[in-house]
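Engineer: Quick one: the structure is below, and I'll ask about it shortly.
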Amino acid sequence: MKYNCDKFIIKEIKHKNIEALQLENHIIKIIVIPSLGGKIASFYRKDKDFELLYENKYEKYIKPNLYDFFEKYDASGFDDAFPTIDTCKVKYGEEEIIYPDHGEIWTGNFNYQIVEDKIILTYTSKILDYSYEKKIYIEDDKLIINYKIINKGKYNLPCIWAMHCLVKCEEDMEIIFPKGCSKILNVHDSEYLGTIGKVHSYPKTISCKGDIYYLNRVFPKSYNKTEKYYVKGELQEGKCGIYYPSKKILYSIDFPKEKLPYLGFWVTEGGFRGDYNCALEPTNGYYDDIDIAKNNNKLKILEPKEELNFYIRLQLKSI
């Protein structure tokens, strides 16, 4: 089926082996998979022949179950991590609930409808009393997603939302952290950045090997390593991105820092399954796990009947 909107065309397509939606205008093309949590599988700029996202390297998608581990599947594209990143046990009312690895949403089968010029994706939680909605549309070279998460229950809902958007690495790319970032917190044991909790200056520091380490660059894939770190503390602005000089493309992320006041960065330089990708991860929790965020006093509690509304705007700008 095909929907002609004033600003772009929406098509129902088959992407690999799975039903998907394609949004397209004269500049960009997007592929969305409702049955995989509304995953954005492709963000492509036509005139540059440039695919931003790290795409599924397998021949087909396999549908995960609720409590499956994220690393067992394709680990590609743009997923939403909610209500956690790391699996954990959480007190919910009088019960103890296990939050799944990378949250519930990435495994969710979303309903969708096309309303005017937007795709509206909706889901009702299987383990908690919340509803989850995202409205997706495109404008020129931008992909815009508006989120609405509602606690429909009678208990407080501790939650972390994180943007898990895996993009392709290139050796000459430059990572652009928000203005005001001068320190990062390492959250992943590393032979280069040390133990969890070690603080480094940004954009360059001295690695555990005694060499200058540029935190706004990536290593070649041959280094066979992974890293994860966060901007230390709250952000001064809700903007970050990556510049791809060989393609003359600026990938930028715009988000409300009042709703998503923290930023993580994950990179696999061959260390995870041989993949070469990274992710800038705006989030409302500091960091990754409900207990850690609670202990840091950096945890969002969604109160009964409360709505969490925010947006993510991604742009692929020709420079």
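Counting from 1, position 223 in the sequence shown corresponds to residue 223 in full-length UniProt numbering; the numbering is continuous, with no gaps.
Ideal Cβ positions, reconstructed from N, Cα and C, are used throughout, including at glycine.
In terms of DSSP beta bridges, what is TYR58 paired with?
Structural biologist: One-based indexing of the sequence shown puts residue 58 at position 58. TYR58 pairs with nothing; no bridge assigned.
Engineer: Can you tell me whether PHE69 is buried or exposed? The criterion is at least 16 other CB atoms within 10 Å of its CB, across all chains shown.
Structural biologist: Here residue 69 corresponds to residue number 69 of the sequence shown, with the count starting at 1. Under this definition PHE69 is an exposed residue.
Engineer: Do you know how far the Cα of LYS209 is from the Cα of ILE33?
Structural biologist: Locating residue 33 in the sequence shown gives position 33, counting from the first residue. Locating residue 209 in the sequence shown gives position 209, counting from the first residue. Taking the straight line from one Cα to the other gives about 43 Å.
Engineer: Within its chain, find whatever has a CB closer than 6 Å to the CB of TYR262; leave out the 5 residues flanking it on each side and keep chain order.
Structural biologist: On the sequence shown, position 262 is the one that residue 262 refers to. So the list reads THR283, TYR286, once near-sequence residues are dropped.
Engineer: Considering Cα atoms alone, identify which of ILE196, THR226, GLY38 is closest to TYR147.
Structural biologist: Here residue 147 refers to the residue found at position 147 of the sequence shown. Closest in C-alpha terms to TYR147, from the list ILE196, THR226, GLY38, comes GLY38.
Engineer: Let me know the secondary structure DSSP gives PHE70 once reduced to three states.
Structural biologist: Stepping through the sequence shown from its first residue, residue 70 is reached at position 70. It is helical.
Engineer: Mapping DSSP to helix, strand and coil, what is ALA293?
Structural biologist: In the sequence shown, the residue the question calls residue 293 occupies position 293. Here ALA293 carries a helix assignment [DSSP, helix/strand/coil].
Engineer: In angstroms with no decimal places, state the Cα-to-Cα distance between ILE138 and LYS46.
Structural biologist: Taking the sequence shown and counting its residues from 1, one reaches residue 138 at position 138. Taking the sequence shown and counting its residues from 1, one reaches residue 46 at position 46. The straight-line gap from Cα to Cα measures roughly 14 Å.
Engineer: Would SER318 and LYS248 be called neighbours here (beta carbons separated by less than 8 Å)?
Structural biologist: Here residue 318 refers to the residue found at position 318 when the sequence shown is read from its first residue. Here residue 248 refers to the residue found at position 248 when the sequence shown is read from its first residue. Contact flag set, yes.
Engineer: For the structure I just gave you, are there three or more beta carbon pairs, one from the stretch 91-108 and one from the stretch 125-141, closer than 8 Å?
Structural biologist: Judged by Cβ distances under 8 Å, the stretch 91-108 makes contact with the stretch 125-141, as three or more pairs qualify.
Engineer: Taking only the alpha-carbon atoms, compute the straight-line gap between PHE110 and GLU19 and give it to the nearest angstrom.
Structural biologist: Within the sequence shown, the letter at position 110 stands for residue 110. Within the sequence shown, the letter at position 19 stands for residue 19. Each residue's Cα considered, the two are about 12 Å apart.
Engineer: So is THR268 buried or exposed if we call it buried at 16+ other beta carbons inside 10 Å?
Structural biologist: Position 268 of the sequence shown, counting from 1, holds the residue named residue 268. Counting Cβ neighbours within 10 Å, THR268 comes out buried, since at least 16 surround it.
Engineer: Buried or exposed for VAL115, going by 16 or more other Cβ atoms inside 10 Å?
Structural biologist: Position 115 of the sequence shown, counted from the start, is the residue given in the question as residue 115. Exposed, by the Cβ-count rule.
Engineer: Please determine, among LEU260, GLY271, PHE310, ASN25, the residue with the shortest C-alpha to C-alpha distance to ASP141.
Structural biologist: For the purposes of this step, residue 141 is identified with residue 141 of the sequence shown, where counting begins at 1. Answer by Cα proximity: ASN25.
Engineer: Contact between the stretch 43-57 and the stretch 68-85 is defined here as three or more beta-carbon pairs at a separation below 8 Å; is this criterion met?
Structural biologist: yes
Engineer: Near SER222, what residues of its chain come up, given a Cβ to Cβ distance below 7 Å and the 5 sequence neighbours on each side ignored?
Structural biologist: Indexing the sequence shown from 1 puts residue 222 at position 222. GLY270, listed in sequence order.
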